Structure formats: C-alpha cells, structure tokens
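Below is one structure, written out as structure tokens; comments come after it.
Residue numbers (this note's numbering): 951 to 1255.
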C-alpha cells in the first residue's frame, strides 16, 4: 500500500483507496487538505452531488469551481478555461462532462469520488493525461470494500498496474460538523437529501453491476456520509428527499435516449396541482454536458474567467 501522505505516490499513475461509504468525504477532505497546492479534478455521478459537495467543501474553507450540465453554456465554458489557466485549484464536475472534455494536461490529480460510468473509459481518461502532460498523470479512485475486486479486474484486463492507498487512521474529524449543519439548516439538509437520492439513483442505474450493485450497497453508511443520520435518516422505502425526482437530475447521469427508453421510471413530484397537466419542461437541459463537446469550447478563446 502507498501511504496517503507519502511522496512515493509520485511514481504511480493509477491509485485507488478502499474506503467504507461512511468515511468517503472524510478521506476526500483529508486528501484535499494535503494537496491544496495541486491542481485537482474531482468527478461525481450527478449535478446534485457536485452542488452538495462543493457547498460542503466551501463550508470547510476549501474553495472549488464547479461544472455541470445545468449551468448556462457561457458559465460552463468560462469555468473550464478558468480552471485550465490555474496553476493550482480544485474543480468539481460530473462524470458526464469527462466524456466530452479533454482533461487539461496540467492537472496533477484526477479523483473519481463516485462511480465512473464506464471503468474502461475511466482508465483511458487518466492514460490521456499521462501522455499529454510533462507531469505524471495521477488518479485516485474511491472504492468501497464490495467494489474492489470487481473493478480491479478491468485494470488487470488492460494490463495497467494500479497501487492501493492506505486509508489513514487519522482522518479529519468533520463528521459531527456535517451532521450539525444538516440539523441546523433546512437548505443544507435539502441539498444533502437531493444529493443522497441522486447518488442512489445513479448507482441503481449503473450498467456495470458486476462492480456497482445497489443491492450490495450499505445505504445507512451512504446516508451517514451525507450527514443524514438519526431522526433525519431516510425511511427504508425512501431514497432521499420526498420532492426529489429522477428527472430532476437524470440528464447528468445518462443520455437523453436512455431516459426516453425508460431505463429508470421517474417518480412523480408531489404537488398541490396533482392531476393537472403540467407545462412540459424544455428538453435541452437533459442534454447536460453532451451539448458542449470540447471541440466547441476551443472555438471560444475569449472566455478566460
């Protein structure tokens, strides 16, 4: 294993950490505090998760930029170039964005905090950084104990060496602060529940169930990681906030065609106007990051942030 605070990691391109769901954010925060002088990209499954974790990191005085499919195109492009021009900093984005954007070659770390859409594509994403950069392209993949063996077989199939980070015993003690924020702020709690619900929906819809099987996921530990504990904990038949719907965030999880073919059946939003026909929402938001390929972004060098 490679200690998280060791310089030995400089020699490795691909690394992973085996981390219980309840400790995921604590490890992420500990890792980022040790790498504030680096340039780091963190990939999440959904927009709701990006928003929640960006707010959480900001609460702990770790400034980040965010990119996701619900932003205006100008904002998305602006932040991409702003991050590209930075010498150090942290960008939180959705995994869908990574499918269409080349990771800037100056990035020190690519952190896959939540499950990648495709294990093979994730491995190639990091390989592209290694080839395009003078720096060593480094990746850190979060796996829970039940995902480890299933994911590592993709590395073995690609004949790519991968090293394991040791989970340090002295993780930053921030859990009580997260739980206190959830109890003290309705807005924070709503964000946490939305992100929690989105995470479970994305996990349940994952195409690689040999690695990511929602029936094997410890949902209590996941809820704890989001600060939803005690009386705030979701019921056994609830994936998060009562007002959360799959359609609210599904554009950042899968393509429009996958939504249209009913890969997941959206829940109906509770509303005082139940039974009335609602005005159809514009479908353009569902395209998410797919509507901003990297080739288009290159046409707008004026966006410097």
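C-beta atoms are modelled at their ideal positions from N, C-alpha and C, and glycine is treated no differently. Just so it is clear, the structure is predicted and the values come from calculations on it, not from any experiment.
Status (buried if at least 16 other CB within 10 Å, exposed otherwise) for residue i
i: residue 1099; result: exposed
i: residue 974; result: buried
i: residue 1035; result: exposed
i: residue 964; result: buried
i: residue 1165; result: exposed
i: residue 1200; result: Model confidence at residue 1200 stands at a pLDDT of 38, short of 50, so the residue's coordinates are unreliable; what they give is reported in the following sentence. The residue is buried, with at least 16 neighbouring Cβ atoms inside 10 Å.
i: residue 1126; result: exposed
i: residue 1111; result: exposed
i: residue 995; result: buried
i: residue 1147; result: buried
i: residue 1097; result: buried
Continuous alpha helix (DSSP H) stretch holding residue i: start and end
i: residue 1157; result: Looking at the DSSP string, residue 1157 is not in any alpha helix (DSSP H), and its letter there is neither H nor E.
i: residue 1000; result: 997-1009
i: residue 984; result: Element bounds for residue 984: n/a, residue is neither H nor E.
i: residue 1133; result: 1125-1134
i: residue 971; result: Premise fails: residue 971 is in no alpha helix (DSSP H) and is neither H nor E.
i: residue 1102; result: 1098-1107
i: residue 1034; result: 1023-1035
Whole-angstrom distance between residue j and residue i, CA atom to CA atom
i: residue 1095; j: residue 1067; result: 19 Å
i: residue 1232; j: residue 1106; result: Reliability of the predicted coordinates at residue 1232 is poor, the pLDDT of 36 falling under 50, and the value obtained from them is presented with this limitation in mind. Each residue's Cα considered, the two are about 43 Å apart.
i: residue 1042; j: residue 1154; result: 22 Å
i: residue 1136; j: residue 989; result: 33 Å
i: residue 1130; j: residue 1115; result: 30 Å
i: residue 1008; j: residue 1108; result: 37 Å
i: residue 1119; j: residue 1024; result: 43 Å
i: residue 1174; j: residue 1064; result: 16 Å
i: residue 968; j: residue 1032; result: 32 Å
i: residue 1113; j: residue 1178; result: 32 Å
i: residue 1224; j: residue 1184; result: Residue placement at residue 1224 is flagged as unreliable, the pLDDT there being 41, under the threshold of 50; the coordinate-derived value follows with that caveat. Each residue's Cα considered, the two are about 24 Å apart.
i: residue 1004; j: residue 1117; result: 23 Å
i: residue 1071; j: residue 1000; result: 20 Å
i: residue 1056; j: residue 1180; result: 43 Å
i: residue 1021; j: residue 997; result: 10 Å
i: residue 1190; j: residue 1149; result: Low confidence applies to residue 1190: its pLDDT is 40, below 50, so where it sits in the model is not reliable, and the reading given next is rough at best. Computed Cα separation, rounded: 10 Å.
i: residue 993; j: residue 1006; result: 15 Å
Opening and closing residue of the beta strand (DSSP E) in which residue i lies
i: residue 1116; result: 1113-1116
i: residue 1039; result: 1039-1044
i: residue 1263; result: Residue 1263 falls outside the range modelled here, since the chain spans only 951 to 1255, and no answer is possible.
i: residue 1088; result: 1088-1093
i: residue 1015; result: 1015-1017
i: residue 1062; result: 1059-1062
Cβ shell of residue i (< 6 Å), same chain only, five flanking positions each side left out
i: residue 1091; result: 966 and 1062
i: residue 1239; result: In this predicted model, residue 1239 has a pLDDT of only 36, less than 50, meaning its place in the structure is not dependable enough to derive any value.
i: residue 1040; result: 990 and 1014
i: residue 1168; result: 971
i: residue 1128; result: 1177
Own chain, CB closer than 7 Å to residue i, minus 5 neighbours either side, in chain order
i: residue 1171; result: 970, 971 and 972
i: residue 1139; result: 1132 and 1182
i: residue 1017; result: 1026, 1029, 1030, 1041, 1043 and 1047
i: residue 1010; result: 979 and 1124
i: residue 1156; result: 1065 and 1162
Cut-off 8 Å between Cβ atoms - residues of its own chain near residue i, not counting five sequence neighbours on either side
i: residue 1134; result: none
i: residue 1038; result: 986, 987, 988 and 989
i: residue 1058; result: 985, 988, 989, 990, 1085 and 1088
i: residue 1012; result: 979, 982, 983, 986 and 1040
i: residue 1122; result: 976, 979, 980 and 983
i: residue 1002; result: 1141, 1142, 1144, 1145 and 1176
i: residue 1160; result: 1100
i: residue 1069; result: 1101, 1104, 1158 and 1161
i: residue 1093; result: 966, 967, 968, 969 and 1101
i: residue 1073; result: 964, 1104, 1105, 1108 and 1110
Chain B within 8 Å of residue i, Cβ atoms only
i: residue 1122; result: Structure shown: chain B not included; a single protein chain is present.
- alpha helix (DSSP H) segments (min. 4 residues) lying fully within the segment 1156-1180: 1169-1175
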